[in-house]
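Asker: Sequence lines, in order, name chains R and S. Add 10 to a position in the first sequence, counting from 1, and you land on the number used in this note's numbering. Add 644 to a position in the second sequence, counting from 1, and you land on the number used in this note's numbering.
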Amino acid sequence: MDVRLSSEQKALRDAAAQLVERLGPGSVAALGDAERHDKLEAAVAGAGWRELREADDDGNPYASAVEVALVAEELSRGLADVPFLGPVLASELRRRAGVEAPATLETVALTADLSALAAGVDVPVGTLALDAAGAATALLLIGDGGVPVLGRTMVTPLADQHVDLTRTTGAVAATAAGVGGAQLSADDMTRWAAFGTAIASAELLGIMRGALDTTVAYAKTRKQYGTAIGSFQAVQHLLADVHVLIEGARSLVQHAAWAADALEPAEALTAASLAKAYTARAARTACETAIQVHGGIGNTWECLAHVYLRRAFLSIDVLGGARTHLRNVLSGFGVV
Amino acid sequence: MDYRDSAEEADFRQRLRAWLVDHNPHLGHSSISDAYWEGQPAWHQALYDAGFFGTSWPVEVGGQGLSTVYDVIVDEELAAAGAPPRPSLGYLVLGLLEHGSPELQQRFLPGIVSGRERWCQGFSEPDAGSDLANLRTKAVRDGDEYVIDGQKIWTSYSDLADWCLVLARTDPEVRPHKGISAFVVAMDQPGIEQRPLKMINGITREFGEVFFDGARVPAENMVGAPGDGWALAMTVVSHEREPAELGFASRYSKTVKELVAMVRQDVAGHTEHLDELGWAIVESEMLRLHVSRRLSERLDGIVHGPYGSADKLLMTWTEQTVGHAALAVGGTGHGDSDDTWLRLYLYSRAQSVMGGTSQIQRNLVAQRILGLPA
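What follows is the structure in C-alpha cells.
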C-alpha cells in the first residue's frame, strides 16, 4: 500500500491549478468576460484534459481516473466555466463501447434530475445535456431492456442558466439514434457510474476548497470592532470545520478515483458512493459557511460564495446526491 | 497510488488473520468494559510477541523498522476479526524517540513497546486542562533525585501503570512554558496515591486522579534537560490526536460491523435507523482511508504537526456518528439489563474532550493551518 500521488500526478494537478488561477473567473463580473472565457476554453481544450479517458492504441484510457479527478478538482476549485465533466463522461462511454470520437465536442444526456444517463429512442421530455456549451451531440442509452446500446442525440444549449452559473446545460432533440449498435455490458455501466460519481465528488472537493480559500481571504481583511473578523473564535471555528471536511473528503475522493479503475465494478461503485455521500453533504455545508462568513455581502449576487454553492448543486445532482448514495453504501455493505 | 497490499504486506495480513483465529481474546468493547482493561496487558504482549505491534518503530527499541502502512493492515484485520484495537501508546513512543536521551530510550522504550512495562501520562491537572502550561505540580531537586508534589487528573490506566510520564514545574521564576520539565516516575512508591474516576458510562478503570506527596524520581529519569518539558508535551499531544497513531479506526469499524449485522437480522424493524447507520459506515470508512493516506504521506517523512488537529476532529466526528448509530440501532435499553449501546454512545461524548477539546483543535486548525489571526 502506498497511496501517495506520483510526481507526474502532482505536476498535472499543479498545471490545472495554475491555469484556473490565471484564467478562471476571479469574480462574478469576470463570468461575463468573453475574452477571458475564450482563453480558458482554448487552454483547457489544448491541454487535452477532456481526452484523458479516450482509448489509446490498446483500447485503454490514456490516464487513470485519479488523474481525471485531480483535473476536475482544480477546475472546480477555480470555478472554470468551460466543459469538462460532460465530455469526460462521454469519452468514458465511447471507449467502453468501442466508438470513435466525433469531430465536434460531445457530452452526455442525463435524466431531468441529472441522477442517471438518459435512455430512450424517444428521448423523455426534460432530458438535459450536461456541459452543453460548444457541444453538438450528447450520448445516452437506447434499446429496451436487455443489453444497453449507445445512442446519440443533438444538443441545444439553454440560453438561461438558473442554477450553475459556470456551466451550461442543454436541451436535446426529441429522438436519438444508435451509434453503430455499440453495446455496453452491465459491468460497463456500473464502472461508468462509479467513474462519473467519483469525478463529480472530486469536483465537490474542489468547490469546497475554492469556497474556503475565498472565505478565509475575506475573513483576514474584513474588519469589525477594529479587528479582522477571522480573529474571532466564532468565525474561526466555522472555517476550521470546513477545512476538516475537506480533509475527510480528500481521503474518500482519492480512494474512489483509484477504485474506479482498480476494483471490481460493485466495489468501485461502493467506493464512489462513499465519496459522493460525504462530499454532497460536506460541500453544501462548506458553501453555506462561505455565505455566512461573508455576512450581508455573502447574500448578494456579486459575491462568489453563491457561485460555488450553485456549482456544487450541479455536481451534487449529477448521478445522484447524498441520499441516493447513502442507500448505495448500505447496499454495498449488505444492509439493504 | 495503490491501496492494495504489496506481496510482503499481503503475507503479513495473512499471518495476522491466521493468528487471530486462535488468539483473539474476545474482550468487550474497549470503551465500555472494565474487564477489557484487565485483559488488555496480556493482549498487548501477545500482539507484540507475535510480531504485529510496533512494527514501524526502530529495531533498537523493539520495533521492526517496517513501513508505517503496516498499521493500516493491523487496524483492518483487528476490526474484521472483532478483536481489540492495537494499544494506543504511539504518542509516548514518538515523544521519547524525539526528546529522550539514547540511555533513556534504551531503558524504557522496549518495555513500552512490548507491553511488559505499563505507562500512563501525567499531564492534565484540575486547573491545567486546555491551559496545560498552567500546571502546578512541582518537582524540587534533592541531591540525585527530584521530589514531586501535586495532583494529576484524567490519567488513563494509572491503576495498571508501572511508570508515569509526569510534567512538573521545576522553575517557578520563568515564564510558564519555560519552567516545565518531564520525568519518568515509578508509580509503585509511597508518595503516590490514585483514585479512580467513575465516568458517565459507568466505567471506573480508565480514568483516574493521581496524587503526588513527596514522590521521588532519580534526576537521570528527566526527559531532556530542565525546562524541556513543554517541547516534549507538544510532541506527545500532537501525536495523541492522530487516529493513525491511536488505531481507533479499528474500533469504529468493529462497532459498525456489529450494527450492520444487527440491522440485517431485522431490516424492517430498523427502517428508521438506516440513515444513521449509513452515515456511520461513511464516516468509519472515511477514517480508515484517511489513516491510509496519512501513513502513506509519512513515507515522505512528512510530520503532520497541526494537521493532527484536523485529524482529531475527523476522528471525533466519526466516533460520535458511530455513537449515534449505536444508540439508534441498539437502543438506550430501558428496562433491559444490557445497556452496551447506551454506554458506547456515552463514551463517544468524551472523544471531543480527551486529548484536547474540539474547541482547542478548531483554534489550532484556524490559526496554524488557515493562518487566521490569533
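The beta-carbon is built from N, C-alpha and C at its ideal position, and this holds for glycine as well. Given the structure is predicted, the values throughout are model-derived calculations rather than measurements.
Which of helix, strand or coil does DSSP assign to S:Val810?
Answerer: Reduced to three states, the DSSP call for S:Val810 is strand.
Asker: Please list, in chain order, the chain R residues whose beta carbon lies closer than 8 Å to that of S:Leu958.
Answerer: Within chain R, the residues near S:Leu958 are Val254, Glu257 and Gly258.
Asker: Which residue marks the beginning of the beta strand (DSSP E) containing S:Phe827, and which one marks its end?
Answerer: Ile824 to Ala830 is the span of the beta strand (DSSP E), which, as asked, contains S:Phe827.
Asker: Can you look up S:Arg860 in the DSSP assignment and give me helix, strand or coil?
Answerer: Note: S:Arg860 maps to strand in three-state DSSP.
Asker: Of the residues S:Met930, S:Asp910 and S:Val854, which one's Cα is nearest the Cα of S:Pro887?
Answerer: The shortest C-alpha separation from S:Pro887 is found at S:Met930.
Asker: Given S:Val881, which residues of its chain have a CB within under 8 Å of its CB, disregarding the five upstream and five downstream residues?
Answerer: The answer, listed in chain order, is Tyr735, Phe767, Leu776, Gly999 and Gly1000.
Asker: Quick check on the DSSP output: the alpha helix (DSSP H) that includes S:Ser677 runs from which residue to which?
Answerer: First-last for S:Ser677: undefined, no H or E at that position.
Asker: When DSSP builds the beta bridges, which residues end up paired with S:Trp763?
Answerer: BP columns for S:Trp763 point to S:Trp807.
Asker: With 16 other CB atoms within 10 Å as the buried threshold, where does S:His670 fall?
Answerer: Exposed, by the Cβ-count rule.
Asker: For the beta strand (DSSP E) that R:Ser17 lies in, which residues bound it at each end?
Answerer: Careful: R:Ser17 lies outside any beta strand (DSSP E), inside the alpha helix (DSSP H) at Ser17 to Leu33.
Asker: Touch check for the stretch 827-842 of chain S and the stretch 798-812 of chain S: three-plus C-beta pairs under 8 Å?
Answerer: As far as the Cβ criterion goes, the stretch 827-842 of chain S touches the stretch 798-812 of chain S, which means the pair count is three or higher.
Asker: Do you know whose CA, among S:Ile717, S:Tyr680, S:Arg785 and S:Tyr989, lies nearest S:Arg697's CA?
Answerer: Here residue 697 of chain S turns out to be Phe, not Arg, going by the sequence shown. The residue with the shortest Cα to Cα distance from S:Phe697 is S:Ile717.
Asker: Around the Cβ of S:Asn1007, are there at least 16 other Cβ atoms within 10 angstroms (buried) or fewer (exposed)?
Answerer: That one is buried.
Asker: How many angstroms separate the CA atom of R:Val159 from the CA atom of R:Ser101?
Answerer: Distance between the alpha carbons of R:Val159 and R:Ser101: 15 Å.
Asker: Would you give the residue range spanned by the beta strand (DSSP E) that R:Thr163 belongs to?
Answerer: It spans Val159 to Pro167 - the beta strand (DSSP E) in which R:Thr163 sits, taken as one unbroken run.
Asker: Closest to R:Gly216 by C-alpha separation, out of R:Ala296, R:Asp170 and R:Gln234, would be which residue?
Answerer: When only C-alpha atoms are compared, the closest one is R:Ala296.
Asker: Go to S:Arg895, then tell me how far its alpha helix (DSSP H) extends in each direction, as first and last residue.
Answerer: First-last of the alpha helix (DSSP H) with S:Arg895: Phe892 to Gln909.
Asker: Cβ of R:Pro9 within 8 Å of Cβ of R:Ala143?
Answerer: For chain R, the structure presents residues 11 to 346; residue 9 of chain R sits outside this window and is missing.
Asker: Hey, is the stretch 324-334 of chain R in contact with the stretch 193-212 of chain R, meaning 3+ C-beta pairs nearer than 8 Å?
Answerer: Enough Cβ pairs lie closer than 8 Å, so yes.
Asker: Grab me the residues of R:Ala278's own chain with a C-beta within less than 7 Å of its C-beta, minus the 5 sequence neighbours each way, in chain order.
Answerer: Cβ neighbours of R:Ala278 beyond the five flanking positions: Arg201, Ala204, Ala269 and Ala270.
Asker: Give me, in chain order, the residues of the same chain whose beta-carbon lies closer than 8 Å to that of R:Ile256; leave out the 5 immediate sequence neighbours on both sides.
Answerer: Correct list, in chain order: Leu215, Met218, Arg219, Leu222, Ala292 and Ala296.
Asker: Quick one: what's got a C-beta closer than 7 Å to S:Tyr1021's C-beta in the same chain, skipping five residues either side?
Answerer: Because residue 1021 of chain S is not part of the residues shown, which for chain S are 645 to 1018, the question remains open.
Asker: May I ask which residues mark the beginning and end of the beta strand (DSSP E) holding S:Arg785?
Answerer: First-last of the beta strand (DSSP E) with S:Arg785: Lys782 to Asp786.
Asker: For S:Val867, which residues of its own chain have a beta-carbon under 6 Å away from its beta-carbon, when the five flanking residues on both sides are left out?
Answerer: So the qualifying residues of the chain are His743, Gly744, Ala826 and Leu876.
Asker: Let me confirm a value: S:Ala946 is counted as buried when at least 16 other C-beta atoms fall within 10 Å, else exposed. Which label applies?
Answerer: The question names Ala, but residue 946 of chain S is Ile in the sequence shown. That one is exposed.
Asker: From S:Asn845, S:Asp815 and S:Asp857, pick the residue whose C-alpha is nearest to that of S:Lys796; which is it?
Answerer: Measuring from the Cα of S:Lys796, the nearest candidate turns out to be S:Asp857.
Asker: Assess contact between the stretch 132-149 of chain R and the stretch 115-123 of chain R, defined as three or more Cβ pairs (one per stretch) separated by less than 8 Å. Is contact present?
Answerer: Yes, since at least three Cβ pairs between the stretch 132-149 of chain R and the stretch 115-123 of chain R fall closer than 8 Å, the two stretches touch.
Asker: Please list the partners that S:Leu921 has in chain R, where partner means a Cβ-to-Cβ separation under 8 Å.
Answerer: Simply Leu340 and Val345.
Asker: If distances are taken between C-alpha atoms only, which option among S:Ala969, S:Arg942, S:Thr899 and S:Arg1012 comes closest to S:Ala1037?
Answerer: The question about residue 1037 of chain S has no answer, for chain S in this structure spans 645 to 1018.
Asker: Looking at the structure shown, is R:Leu80 part of a helix, part of a strand, or coil, going by DSSP?
Answerer: Note: R:Leu80 maps to helix in three-state DSSP.
Asker: Counting only Cβ-Cβ distances shorter than 9 Å, please list the residues of the stretch 645-659 of chain S near chain R, keeping chain order.
Answerer: Answer set for the stretch 645-659 of chain S: Met645, Asp646, Tyr647, Arg648, Asp649, Ser650 and Glu653.
Asker: Thinking R:Ala285 and R:Leu262 are a contact (beta carbons under 8 Å), I'd like their distance in whole angstroms, please.
Answerer: About 4 Å separates the two Cβ atoms, so the contact holds.
Asker: Any contact of the stretch 680-693 of chain S with the stretch 951-962 of chain S, i.e. 3+ C-beta pairs under 8 Å?
Answerer: Too few Cβ pairs lie closer than 8 Å, so no.
Asker: Determine, using beta carbons only, whether S:Val713 and S:Leu1014 come nearer to each other than 8 Å.
Answerer: Going by C-beta atoms, S:Val713 is not nearer than 8 Å to S:Leu1014.
Asker: Identify the contact partners of R:Met11 in chain S, using a Cβ-Cβ distance below 8 Å as the criterion.
Answerer: Within chain S, the residues near R:Met11 are Asp646, Tyr647, Arg648, Asp649, Ser650, Glu653, Val713, Val716, Ile717, Ser936 and Ser940.
Asker: At the 8 Å Cβ level, is R:Leu284 part of the contact set with chain S, yes or no?
Answerer: By this cut-off, R:Leu284 is an interface position.
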